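Participant: Sending over a structure as structure tokens; questions will come in a sec.
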Amino acid sequence: MSDQVSDFDFDLPPALVAEHPARPRDAARLLDIMPTGPFHDRVVRDLPTLLRPGDLLVANDTAVIPAQLDARRGEARIGITLDRILPDGTWHALARNARRLRAGDVLTFPGTPNTAAIVSRDDEGGVILRFDTEGEAFDAFLQKAGVLALPPYIDRPQGPTEQDRQDYATIFAAHRGAVAAPTAGLHFTPQLLAALDAAGVERCTLTLHVGAGTFLPVRGDSIAGHRMHAERGVITEETAERLNRTRRAGGRIVAVGTTSLRLLESAADPDGTIRPFDGDTAIFIRPGYRFRAVDLLMTNFHLPRSTLFMLVCAFAGYDRMRDAYAHAIGTGYRFYSYGDACLLHRAPPPEGTGA
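Quick note: the sequence shown, position 257, residue 238 per my numbering, numbers continuous.
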């Protein structure tokens, strides 16, 4: 497999970029992609019939914060997108016009009394900020001053709407801290969860706070030169034991979204045992990666040349995913955060790998 980013490019008609989600959410289309054979066009509410009793569905319970802020340094406007909170309480953020910033600068936020001091700046547009408030007061500040950092391909010239606040939240959301939604989870409804329960499919959650780095393109021509941004993740001891118990009983681990998959693989031993996890992960999964923990992946359709398209090619096979995306484009599937989904069955490892 080549190391060239161009190998993961494809032509996508702009009309297939979803501007709004399906209603109801579980009415979105679902492309069932087995390792071989024809592709099957289904809908998300078919999921209970595609899984087995004893399978364990693993969803990301992160909740999106209004992470985009309009700041000022004197008269200069500085666009801030929060990325992740650090152990000392400071925030890593991406900043437009970051070259104007220096350590010690103080940012203000129109309409609020709050400020943030620049602790440091890097050469890639990142800054470390220390806000003058924290806890519940900080949450209140974000609700007043921040807006959703919707992906750039969702066209909102006037900014995110009140409907977006509802649409860009999953039914699993419990722990605030994500910049972007784990979008595979957007397809689930109370009715779908009840149907999964009735089918004997088990459920659990983990937490991966999706950072602003998810919006950044792969720069350069070589995959090897790309550096993933770290994201904070938690798998509790109880959840790790449920995952391991499922595997011992012959059930399959079904990751809802690439975020769930990335954290599960970050916490997995070489033999597939899942360990409790509480820390940062910057795992970069691309063709050649040997999967340890996940058997099936439900995910949306991703950007050309993106790390997430590389991930699904690693999971289900490069040629298989090229063909699947061609099928999806040819039959009008809707792409990206508000779009349709696919269910990927992990490709068997190549002969002779010992996997």
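All residues carry an ideal CB built from backbone N, CA and C; glycine is no exception.
Bear in mind the structure is a predicted one, so any value in this text is a computation, not a measurement.
Sort Thr240, Gly231, Ile204 and Thr170 by Cα distance to Thr188 and report the nearest one.
Facilitator: Within the sequence shown, residue 188 is the residue found at index 207, counting from 1. It is Thr240.
Participant: Using only the alpha-carbon positions, how far apart do Arg223 and Leu167 sit?
Facilitator: The residue labelled residue 223 in the question sits at position 242 within the sequence shown. The residue labelled residue 167 in the question sits at position 186 within the sequence shown. Taking the straight line from one Cα to the other gives about 24 Å.
Participant: Using the three-state DSSP reduction, which class does Asn225 fall into: helix, strand or coil?
Facilitator: Stepping through the sequence shown from its first residue, residue 225 is reached at position 244. Three-state result, Asn225: helix.
Participant: DSSP state of Phe119, grouped into three classes?
Facilitator: Along the sequence shown, read from residue 1 onward, the residue named residue 119 stands at position 138. The answer is helix: DSSP assigns Phe119 an H, G or I state.
Participant: Tell me which same chain residues have a C-beta within less than 7 Å of the C-beta of Thr195, skipping the five on either side of it?
Facilitator: Stepping through the sequence shown from its first residue, residue 195 is reached at position 214. Correct list, in chain order: Ala161.
Participant: Pick from Gly127, Glu117, Gly92 and Leu88: whose alpha carbon is nearest that of Arg111?
Facilitator: The residue labelled residue 111 in the question sits at position 130 within the sequence shown. The shortest Cα separation from Arg111 among Gly127, Glu117, Gly92 and Leu88 belongs to Leu88.
Participant: Could you tell me the distance, in whole angstroms, from the CA atom of Ser203 to the CA atom of Met209?
Facilitator: As a working mapping, residue 203 is identified with position 222 in the sequence shown. As a working mapping, residue 209 is identified with position 228 in the sequence shown. Approximately 14 Å, taken between the alpha carbons.
Participant: Between the stretch -4 to 16 and the stretch 300 to 308, do at least 3 Cβ pairs fall closer than 8 Å?
Facilitator: Output reads yes: the stretch 300 to 308 touches the stretch -4 to 16.
Participant: Measure the C-alpha to C-alpha separation of Asp113 and Asp(-16) and round it to an integer number of angstroms.
Facilitator: Here residue 113 is taken as the residue at index 132 of the sequence shown, counted from 1. Here residue -16 is taken as the residue at index 3 of the sequence shown, counted from 1. Each residue's Cα considered, the two are about 45 Å apart.
Participant: When the Cβ atoms of the stretch 277 to 287 are set against those of the stretch 315 to 325, are three or more pairs found closer than 8 Å?
Facilitator: Result yes; three or more Cβ-Cβ pairs closer than 8 Å.
Participant: Taking just the CA atoms, how far does Arg303 sit from Leu292?
Facilitator: The residue labelled residue 292 in the question sits at position 311 within the sequence shown. The residue labelled residue 303 in the question sits at position 322 within the sequence shown. Straight-line Cα distance between these residues: approximately 12 Å.
Participant: Along the beta strand (DSSP E) that carries His156, what are the first and last residues, could you check?
Facilitator: Along the sequence shown, read from residue 1 onward, the residue named residue 156 stands at position 175. Per DSSP, His156 belongs to the beta strand (DSSP E) from His156 to Ala159.
Participant: Alpha carbon to alpha carbon, how far is Val45 from Gly232?
Facilitator: Here the question's residue 45 lines up with position 64 in the sequence shown. Here the question's residue 232 lines up with position 251 in the sequence shown. If I take the Cα positions, the gap works out to 31 Å.
Participant: Across which residues does DSSP place Thr288 in a beta bridge pair?
Facilitator: Sequence index remark: in the sequence shown, residue 288 carries index 307 (1-based). For Thr288, which the question treats as bridged, DSSP gives no partner whatsoever.
Participant: Leaving aside the five residues before and after Asp36 along the sequence, list all residues of the same chain whose C-beta is less than 6 Å from its C-beta, in chain order.
Facilitator: Along the sequence shown, one-based indexing puts residue 36 at 55. So the list reads Val182, Gly232, Arg233 and Val235, once near-sequence residues are dropped.
Participant: Only counting the same chain, and skipping five residues up and downstream in sequence, which positions put a Cβ closer than 7 Å to that of His21?
Facilitator: Working through the sequence shown from its first residue, we reach residue 21 at position 40. These residues qualify, in order along the chain: Asp13.
Participant: In the DSSP assignment, what are the bridge partners of Thr62?
Facilitator: Numbered from 1 along the sequence shown, position 81 holds the residue referred to as residue 62. Looking at the DSSP assignment, Thr62 forms a beta bridge with Gln49 and Leu75.
Participant: So, with DSSP's three-state summary, where would you put Gln147?
Facilitator: By one-based count along the sequence shown, residue 147 stands at place 166. Of the three classes helix, strand and coil, the one that applies to Gln147 here is helix, per DSSP.
Participant: If distances are taken between C-alpha atoms only, which option among Pro91, Pro68 and Val108 comes closest to Ala84?
Facilitator: One-based indexing of the sequence shown puts residue 84 at position 103. When each option's Cα is compared against that of Ala84, the closest is Val108.
Participant: Taking the alpha-carbon positions, what's the Ala176 to Asp51 distance?
Facilitator: Numbered from 1 along the sequence shown, position 195 holds the residue referred to as residue 176. Numbered from 1 along the sequence shown, position 70 holds the residue referred to as residue 51. Rounded to the nearest angstrom, the two C-alpha atoms are 43 Å apart.
Participant: Go ahead and pull the three-state DSSP assignment for Leu11.
Facilitator: As a first step, residue 11 must be located in the sequence shown, where it is residue number 30. Strand at Leu11.
Participant: With burial defined as no fewer than 16 other Cβ atoms inside 10 Å of the residue's Cβ, what is the status of Gly127: buried or exposed?
Facilitator: Taking the sequence shown and counting its residues from 1, one reaches residue 127 at position 146. Buried, because 16 or more other Cβ atoms sit within 10 Å of the Cβ of Gly127.
Participant: Per the DSSP calculation, Leu(-7) is bridged to which residue(s)?
Facilitator: One-based indexing of the sequence shown puts residue -7 at position 12. Leu(-7) is not bridged to any residue.
Participant: What residues match up with Asn41 in a beta bridge as DSSP calls it?
Facilitator: Residue numbering aside, residue 41 sits at position 60 when the sequence shown is read from its first letter. According to DSSP, which records beta bridges pairwise, Asn41 is partnered with Leu187.
Participant: According to the neighbour-count rule (16 or more other Cβ atoms, all chains shown, within 10 Å of its Cβ), is Asp42 buried or exposed?
Facilitator: What you label residue 42 is simply residue 61 of the sequence shown in a count that begins at 1. Buried, since its Cβ has 16 or more Cβ neighbours within 10 Å.
Participant: Quick one: is Ala(-4) buried, meaning 16 or more other Cβ sit within 10 Å of its Cβ, or exposed?
Facilitator: Start at 1 with the first residue of the sequence shown, and residue -4 comes out as number 15. When all chains shown are included, Ala(-4) counts as exposed.
Participant: Who pairs with Cys323 in a beta bridge, going by DSSP?
Facilitator: Position 342 of the sequence shown holds residue 323. Leu12 and Thr280.
Participant: Identify whether Gly253 lies in helix, strand or coil by the three-state DSSP scheme.
Facilitator: Looking up residue 253 in the sequence shown gives position 272. DSSP places Gly253 in coil when its eight states are reduced to three.
Participant: So is Ser(-13) buried or exposed if we call it buried at 16+ other beta carbons inside 10 Å?
Facilitator: Here residue -13 refers to the residue found at position 6 when the sequence shown is read from its first residue. By the neighbour-count rule (16 or more Cβ atoms within 10 Å), Ser(-13) is not buried but exposed.
Participant: Would you check if the distance between the CB atom of Phe258 and the CB atom of Gly214 is smaller than 8 Å?
Facilitator: The residue you call residue 258 lines up with position 277 of the sequence shown. The residue you call residue 214 lines up with position 233 of the sequence shown. Yes, the pair counts as a contact, with Cβ atoms nearer than the cut-off.
Participant: How would you write the range of the alpha helix (DSSP H) that Gly311 sits in, first residue to last?
Facilitator: As a first step, residue 311 must be located in the sequence shown, where it is residue number 330. Gly311 -> alpha helix (DSSP H) spans Tyr299 to Gly311.
Participant: For a test of the three-state rule: what should DSSP assign to His1, helix, strand or coil?
Facilitator: Here residue 1 is taken as the residue at index 20 of the sequence shown, counted from 1. In this structure, His1 counts as coil in the three-state DSSP scheme.
Participant: Keeping to the same chain, check which residues put their C-beta closer than 8 Å to that of Leu129; ignore five residues upstream and five downstream.
Facilitator: Taking the sequence shown and counting its residues from 1, the one referred to as residue 129 is at position 148. Hits under 8 Å: Val45, Pro47, Ala48, Gln49, Pro141, Asp145, Arg146 and Tyr149.
Participant: Using only alpha-carbon positions, find the residue among Pro19, Arg200, Arg273 and Leu32 that is nearest to Ala179.
Facilitator: Counted from its first residue, the sequence shown places residue 179 at position 198. Of Pro19, Arg200, Arg273 and Leu32, the residue nearest in Cα terms is Leu32.
Participant: When you compare each of Ala322, Arg81 and Val25 to Pro171 by their alpha carbons, which one comes out closest?
Facilitator: If you number the sequence shown from 1, residue 171 lands on position 190. It is Val25.
Participant: If the criterion is Cβ atoms closer than 8 Å, does the pair Ile66 and Leu82 meet it?
Facilitator: In the sequence shown, residue 66 corresponds to position 85, counting from 1. In the sequence shown, residue 82 corresponds to position 101, counting from 1. Their beta carbons are not under 8 Å apart, which means Ile66 does not touch Leu82 by this criterion.
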